[in-house]
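Visitor:
Protein chains: 2
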Amino acid sequence: MGSKAEAIEQYLLKIIELSDDHIVELRRAELSYQFSCVPSQINYVLNTRFTTAQGYVVESRRGGGGYLRIVKVPIEREDDLIKMLADKSKQDLSEQEAKGLVIRLVEEGFFSKTEGRLMLGVLSGGVLARAKEEKDLLRMDLMRAMVLTKLREK
Amino acid sequence: MGSKAEAIEQYLLKIIELSDDHIVELRRAELSYQFSCVPSQINYVLNTRFTTAQGYVVESRRGGGGYLRIVKVPIEREDDLIKMLADKSKQDLSEQEAKGLVIRLVEEGFFSKTEGRLMLGVLSGGVLARAKEEKDLLRMDLMRAMVLTKLREK
DNA sequence: ATTATAAAGTCAAATAAGGTCAGAGGTGGA
DNA sequence: TCCACCTCTGACCTTATTTGACTTTATAAT
């Protein structure tokens, strides 16, 4: 049984897809009611799955007439990419982050679908098991290497 | 006398066979309960019998809604390059070997040129530096993962 | 202005998975 | 018999999700 968080994610993705300008606006309380969960779980989903790294901007407003707005934004890809890669302080990459990033890079057309699959193949699952504690560091190295390879070819 | 590990293996093989897309998803805790063993024995079975060398990709997720997913990738090829990957005794792959292999796989049209470049980007140079002595083992894991990913999509 | 009401945000604890590793226990062949 | 090589177990670890008490901010009503 998939988690509730995932169901909420899927629902949001779907309605974003359906909206013509890739913007969706909603009430936190209503959504949490629909999915019979506490309101703060909506924040959890937003914080873990609709991050800027994954290409989303979330705005909100409290109080009467409050709302949540999720906007999917395209990136100025190469600049942002280089920035991300150049950010030396970011030395590790979790599996989740990696997946989000790859999905986005494919959506942006930076990588083809098959390339994306290839990347997911090495970045996720038990493939890096041997690397143990260094797994997340290595994953970052691999991601860098692949993005750089691709940049060079363009 | 068949071991419990073998019984679990047989069971998994059977349900993978029965599933129409060769994918099976399950709860570790449930399975271990069915076979009255500790949960970690499931990992033992997966690690010893459902490896990439044997054509399986295993994914998992922890936490609420967690799961194990086993994907079988059919390796029915006369292609001896690919067969080599199925050779369990071959556990490491040097940089030179990797390059040669990728080049041939691209020549044969198994991988596209850009995919090949992506692979070389990951398999060669200092990218795996972090893995130290395990570098060659890890390189083999990566190669297997990529080939399986590609086979999976064909 | 003050107070009431209607949102949404934060954060940490509780819960629900799966992962790792080292050592104990078997088993079969030389 | 003895050794090498499986299997099996349990203690401990890491990660993801769910919940709820408390906080903050906006609007509406007096």
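In order, the protein sequence lines correspond to chains A and V. To convert, count from 1 in the first sequence and add 148; that's this note's numbering. To convert, count from 1 in the second sequence and add 148; that's this note's numbering. Glycine residues also receive a C-beta, built at the ideal position from the N, C-alpha and C atoms. A quick note: this is a predicted structure, and the numbers were derived from the prediction, not measured.
#1: Whose C-beta lies closer than 8 Å to the C-beta of V/Arg-175 among residues of the same chain, with five residues either side of it excluded?
#2: Give the secondary structure of V/Ile-223 by DSSP, where H, G and I count as helix, E and B as strand, and everything else as coil.
#3: Using a cut-off of 7 Å between C-beta atoms, extract the partners of V/Thr-297 located in chain A.
#4: Should V/Val-205 be flagged as near chain A, meaning a C-beta pair shorter than 9 Å?
#5: Whose C-beta lies closer than 7 Å to the C-beta of V/Gln-182 among residues of the same chain, with five residues either side of it excluded?
#6: May I ask you to list the residues that DSSP assigns as paired with A/Ser-208?
#7: Give me whichever residues DSSP pairs with A/Glu-165 in a beta bridge.
#8: In angstroms with no decimal places, state the Cα-to-Cα distance between A/Glu-245 and A/Gly-274.
#9: Any idea what DSSP makes of V/Glu-173, helix, strand or coil?
#10: Look at the Cβ atom of V/Leu-285, then the Cβ atom of V/Asp-235, and state whether they are nearer than 9 Å.
#11: May I ask you to list, following chain order, the residues of the segment 206 to 230 of chain V that have a beta carbon less than 7 Å from some beta carbon of chain A?
#12: Please identify the residue among A/Leu-271, A/Val-221 and A/Tyr-204 whose C-alpha is closest to the C-alpha of V/Val-206.
#13: Determine the direct distance from the alpha carbon of A/Asp-289 to that of A/Leu-233, and round the result to whole angstroms.
#14: Give a yes or no on contact between the segment 197 to 212 of chain V and the segment 252 to 267 of chain V, applying the rule of three or more CB pairs nearer than 8 Å.
#15: Return no unless some Cβ of chain V is closer than 9 Å to the Cβ of A/Thr-199.
Guide: Taking the geometry as given:
#1: Numbered from 1 along the second sequence, position 27 holds the residue referred to as residue 175 of chain V. Cβ within range, chain order: Gly-214, Tyr-215 and Leu-216.
#2: Position 75 of the second sequence, counted from the first residue, corresponds to residue 223 of chain V. In the structure shown, V/Ile-223 sits in coil (DSSP, three-state: anything other than H, G, I, E or B).
#3: Taking the first residue of the second sequence as 1, we reach residue 297 of chain V at position 149. Residues of chain A passing the Cβ test: Arg-265, Leu-266 and Gly-269.
#4: In the second sequence, the residue the question calls residue 205 of chain V occupies position 57. Yes, contact with chain A.
#5: Numbered from 1 along the second sequence, position 34 holds the residue referred to as residue 182 of chain V. Here the set comprises nothing.
#6: What you label residue 208 of chain A is simply residue 60 of the first sequence in a count that begins at 1. Beta-bridge pairing links A/Ser-208 to A/Leu-216.
#7: In the first sequence, residue 165 of chain A corresponds to position 17, counting from 1. Answer is none; A/Glu-165 lacks a bridge partner.
#8: In the first sequence, residue 245 of chain A corresponds to position 97, counting from 1. In the first sequence, residue 274 of chain A corresponds to position 126, counting from 1. Each residue's alpha carbon lies about 16 Å from the other.
#9: Taking the second sequence and counting its residues from 1, the one referred to as residue 173 of chain V is at position 25. V/Glu-173: strand per DSSP, three-state reduction.
#10: Against the second sequence, residue 285 of chain V aligns to sequence position 137. Against the second sequence, residue 235 of chain V aligns to sequence position 87. Not in contact: V/Leu-285 and V/Asp-235 (Cβ atoms no closer than 9 Å).
#11: Hits within the stretch, in order: Val-206, Glu-207, Gly-212 and Gly-213.
#12: One-based indexing of the second sequence puts residue 206 of chain V at position 58. Comparing Cα positions, the closest option is A/Leu-271.
#13: In the first sequence, the residue the question calls residue 233 of chain A occupies position 85. In the first sequence, the residue the question calls residue 289 of chain A occupies position 141. Straight-line Cα distance between these residues: approximately 10 Å.
#14: no
#15: Position 51 of the first sequence, counting from 1, holds the residue named residue 199 of chain A. Not an interface residue.
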